[in-house]
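*Asks:*
In our numbering, the protein residues as written are 38 to 342.
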C-alpha cells in the first residue's frame, strides 16, 4: 500500500488536549437492556437464500458503476418500514448513503496513490450490501471478509449482491473465486463476539505494541465500515474489535458515517473521542459531504500512531 502522504486537506483530529483527564461521559449513559445478540456464525456462499425475490439496479458512482440489490424487509424479518430493531435487526438490508460515500472516497484514495488493495487482506464491518468490500475485490484484494450483525442479511443480500457485482465485472463468482487465488468469506454476529470467529485477529493487547516487534501479525491490512457508529452503546465494542483486527503498525481503517445520529446518540465525534483518549490510533479526515440540506457526513482514516 502506498504510504499516506501528508497532503493539505487531511485534517488531524484532536478533541482533547494531552492534559485532559476527563472521562468519556457519553459512554456511561444508561442504556435500555438489550436482548442477547444472535450467535456468531460463518455463512457459506452455498447458504444463499433462493426463496426470496432479489432484484438489482445500477448505481452510478462517477467513474464507477456498481449494482445495488434489493430484498423485502418484511419477507426476511417480518418487519415493515423499520431501519432498526435493537438486538434483532440492525438495518443491514437498507443501502445507507455512507456506503456510497466510502466507495467514492476509496476510489479517490486509490486514484491519488494513497491506497492500494492489491494483495491485501480486507474486512468490511457492518457490510449490508457490501459495496466497499466489492470495490476492494475489484481492486485486487487477496482476501475480503464481510461481517454483518444478521446472518439473514448475509444470506439474502450480501452474498447475492457481491456475486452480482463480480459477475457484472467479469470476475469469478463467489463460489469460484478461491479457484483464482482469492478468498471471500462471510461472517455474522455481534462486534463484541465476532473476533472469536474471524481468522485474522490479534489475540491480546501486547500485539498492538508494534514497538516491541509485533508488526508482522497476519491481521487485516484494511478495515472498511460505513454507518457503524450510530449507537453509543456499541462504540466501545466496535473500537476494541478494530484494534484486534487491524494489522499493526501499517494497517488502516476507513470509516464513513454521519457527524451526528440524532435520536440514537452516536456519530463520528463520539467515536473519534474514544479513539483519541485511547491513544493507540490517530484519525485524519479524508472527505466531508455537507450539502446544507442533510446531516453532515464524513469519511475518516484511522492508523496506528
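Think of the CB as a built atom: it goes at the ideal place given N, C-alpha and C, for glycine as much as any other residue. All of these numbers come straight from a predicted model, not from anything done at the bench.
Please name the residue in 169, 205, 76 whose C-alpha comes closest to that of residue 261.
*Replies:* 169
*Asks:* Measuring CA to CA, which of 106, 182, 231, 147 is closest to residue 76?
*Replies:* 231
*Asks:* Taking Cβ positions, are residue 298 and residue 267 nearer each other than 8 Å?
*Replies:* For the pair residue 298 and residue 267, the CB atoms are nearer than the 8 Å cut-off.
*Asks:* Quick one, are the C-beta atoms of residue 166 and residue 90 less than 8 Å apart?
*Replies:* no
*Asks:* DSSP puts residue 265 in a beta bridge; with which residues?
*Replies:* Residue 265 pairs with nothing; no bridge assigned.
*Asks:* Can you tell me the Cα-Cα spacing of residue 345 and residue 269, whole angstroms?
*Replies:* Outside the modelled stretch of the chain, which goes from 38 to 342, sits residue 345, for which no answer is possible.
*Asks:* If contacts are defined as beta-carbon pairs under 8 Å, then residue 341 and residue 285 qualify, I think. What distance do you get, rounded to the angstrom?
*Replies:* 5 Å
*Asks:* In whole angstroms, what is the alpha-carbon distance linking residue 201 and residue 257?
*Replies:* Their Cα atoms are separated by approximately 25 Å.
*Asks:* For the putative contact between residue 152 and residue 143, defined by C-beta atoms under 8 Å, what is the C-beta separation to the nearest angstrom?
*Replies:* 7 Å
*Asks:* For residue 184, which residues does DSSP report across the bridge?
*Replies:* 224
*Asks:* Please classify residue 323: is it buried, with 16 or more other beta-carbons within 10 angstroms of its beta-carbon, or exposed?
*Replies:* buried
*Asks:* Below 8 Å on the Cβ atoms is my guess for residue 183 versus residue 164; work out the distance and round it to an integer in Å.
*Replies:* 4 Å
*Asks:* How far does the beta strand (DSSP E) with residue 95 in it reach, from first residue to last?
*Replies:* 92–98
*Asks:* Near residue 96, what residues of its chain come up, given a Cβ to Cβ distance below 6 Å and the 5 sequence neighbours on each side ignored?
*Replies:* 103, 105
*Asks:* Tell me which same chain residues have a C-beta within less than 6 Å of the C-beta of residue 173, skipping the five on either side of it?
*Replies:* 154, 159, 181
*Asks:* Secondary structure at residue 103, three-state DSSP: helix, strand or coil?
*Replies:* strand
*Asks:* Within 10 angstroms of its Cβ, does residue 204 collect 16 or more other Cβ (buried), or is it exposed?
*Replies:* Around the beta carbon of residue 204, fewer than 16 other beta carbons sit within 10 angstroms, so the residue counts as exposed.
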